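Notes follow once the structure below has been shown.
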Amino acid sequence: MAPVTMPPVEAAKRIFTRLGYTVSGEGTELRAEHKWRTVHVTAVADDDTMRRVLADGGRDNGTPLRCFVTWDEHADSLCQRLERTARTYEWAIISVADGETNDYRVIREDAQAVA
């Protein structure tokens, strides 16, 4: 049996809180709000959970901004999958180095690596 990888939920909450967002929600689906901006945040653990999240195009719930938070080793494959998926929202990926540090990078739809 393959090892279970936990999604970076706490890292997602910590990053958005440090950016001034109010974060709500439970499990891997979060809502981050700051002024006029609302971001639907999804913590993604590995390739298996990525497939489930993207099976429906990443669940377009009307929020035009989506952010997927994942571990470094899965960020590039998630980016490739998002680029091939029909979507009605703008997306970004936060690639987290590990759960203990504040190291992360942001990959946006229109720019490969922004941090």
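In my numbering, the protein residues as written are 506 to 620.
Heads up, the beta-carbon is just placed ideally off N, CA and C, and yes, glycines get one too.
Computed from a prediction, not measured in an experiment: that's the story for all the values here.
Going by DSSP, what residues sit across from Y526 in a beta bridge?
By 1-based counting over the sequence shown, the position of residue 526 is 21. DSSP output for Y526 lists no bridge partner at all.
With DSSP as the reference, label R586 as helix, strand or coil.
As a first step, residue 586 must be located in the sequence shown, where it is residue number 81. The answer is helix: DSSP assigns R586 an H, G or I state.
Determine the direct distance from the alpha carbon of W541 to that of T575, and round the result to whole angstroms.
Your numbering for residue 575 matches position 70 in the sequence shown. Your numbering for residue 541 matches position 36 in the sequence shown. The straight-line gap from Cα to Cα measures roughly 25 Å.
Going by DSSP, what residue range makes up the beta strand (DSSP E) through Y609?
Within the sequence shown, the letter at position 104 stands for residue 609. Y609 to R613 is the extent of the beta strand (DSSP E) around Y609.
Applying the 10 Å Cβ sphere with the 16-neighbour rule, what's the burial state of A597?
Start at 1 with the first residue of the sequence shown, and residue 597 comes out as number 92. Its Cβ being crowded by 16 or more others within 10 Å, A597 is buried.
By a C-beta neighbour count over all protein chains shown, 10 Å radius and 16 as the cutoff for buried, is M555 buried or exposed?
Along the sequence shown, one-based indexing puts residue 555 at 50. Buried, because 16 or more other Cβ atoms sit within 10 Å of the Cβ of M555.
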